[in-house]
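Residues in the sequence shown are numbered from 49 upward in steps of one, following the working numbering.
Ideal Cβ placement from N, Cα and C applies to all residues, glycine included.
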Amino acid sequence: MAIWAMADLHLSLGTDKPMDNFHGWYDYVNRIEHNWRENVAEEDTVVIPGDFSWGIDLEEALPDFRFIENLPGKKLIMKGNHDYWWTTRAKTEKFFKEKGLKTIEILHNNSVLCEGKALCGTRGWVFMPNEPHDLKISAREAARLELSLQDSMHFPDAEKVVFLHYPPVYANEMVPNIFDVLYKYKVKRVYYGHIHGAARSAANEGEYMGINFKLISADNLGFKLFPIE
Numbered sequence: 049m050a051i052w053a054m055a056d057l058h059l060s061l062g063t064d065k066p067m068d069n070f071h072g073w074y075d076y077v078n079r080i081e082h083n084w085r086e087n088v089a090e091e092d093t094v095v096i097p098g099d100f101s102w103g104i105d106l107e108e109a110l111p112d113f114r115f116i117e118n119l120p121g122k123k124l125i126m127k128g129n130h131d132y133w134w135t136t137r138a139k140t141e142k143f144f145k146e147k148g149l150k151t152i153e154i155l156h157n158n159s160v161l162c163e164g165k166a167l168c169g170t171r172g173w174v175f176m177p178n179e180p181h182d183l184k185i186s187a188r189e190a191a192r193l194e195l196s197l198q199d200s201m202h203f204p205d206a207e208k209v210v211f212l213h214y215p216p217v218y219a220n221e222m223v224p225n226i227f228d229v230l231y232k233y234k235v236k237r238v239y240y241g242h243i244h245g246a247a248r249s250a251a252n253e254g255e256y257m258g259i260n261f262k263l264i265s266a267d268n269l270g271f272k273l274f275p276i277e
């Protein structure tokens with residue numbers, strides 16, 4: 049079994065908001081599907097750390113859910129800043145059951161054991177030191193990350209691998225409370241999305257302050273799933 053990841057699929061099969069008009073995003077849905085089918089086995093796991101669908105609610109996102117349901121592997125979906133369909137875990141799981149979606153799970157305030165790895169994460173937030181509203185959200189996201197990592201303590205021998213939608217560090221700015229949690233739980237690998245286009249040039253990849261970071265937004269990966277393990 050293998051673990052794969054790709055953030056920011058930005059699917060819009062149930063709404064008219066395709067990404068093909070953006071530079072480098074031509075035919076992106078077919079490119080994602082082609083690579084996915086070529087590499088992912090049914091027993092594999094694929095993590096999607098946010099911005100999965102442009103649907104504004106679960107029903108509008110249903111064609112996008114069905115798209116990945118029909119692809120190989122188990123899928124773990126996280127919240128991004130454009131996932132307007134996002135609702136409570138109970139409502140989402142009920143919806144999945146009603147629609148016969150059996151290979152999709154939500155990663156939110158929990159962790160999932162896979163191939164000896166404890167997969168953890170949350171959406172994250174930006175670093176805005178002078179904005180009280182942003183500081184409040186950042187603190188909440190740090191608390192959610194800690195909940196996820198606390199849950200991973202059920203797997204004491206597993207490496208903790210963290211997925212975030214927002215980058216915890218970008219250029220020379222970092223989100224201190226997110227880093228505090230990463231250090232507390234001795235996390236060594238973090239995968240994140242959200243950054244696209246020319247902004248990718250300032251994204252941090254490789255080791256930074258003792259943690260290895262990787263940008264896994266779809267366009268940064270050339271729409272090819274990234275192998276975590």
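In the three-state scheme derived from DSSP, where H, G and I count as helix and E and B as strand, S159 is classed as coil. Here F115 is not bridged, per DSSP, to any residue. Counting along the chain, R237 sits inside the beta strand (DSSP E) bounded by residues R237 to Y240. For the set N129, G128, E81 and Y132, the Cα lying nearest the Cα of R114 is the one of E81. Cβ contact annotation for K65 (same chain, cutoff 7 Å, sequence separation greater than five): W102, in chain order. Contact annotation: A138 and D92 have beta-carbon atoms that are not nearer than 8 Å.
The beta-carbon separation of V235 and E194, rounded to 11 Å, does not stay under the 8 Å limit for a contact. Secondary structure note for P97: it is in no alpha helix (DSSP H), and the uninterrupted beta strand (DSSP E) holding it is T93 to P97. The Cβ-Cβ distance between L161 and F203 falls below 8 Å. The DSSP-derived three-state label of T140 is helix. The straight-line gap separating the alpha-carbon atoms of A250 and D267 is approximately 15 Å.
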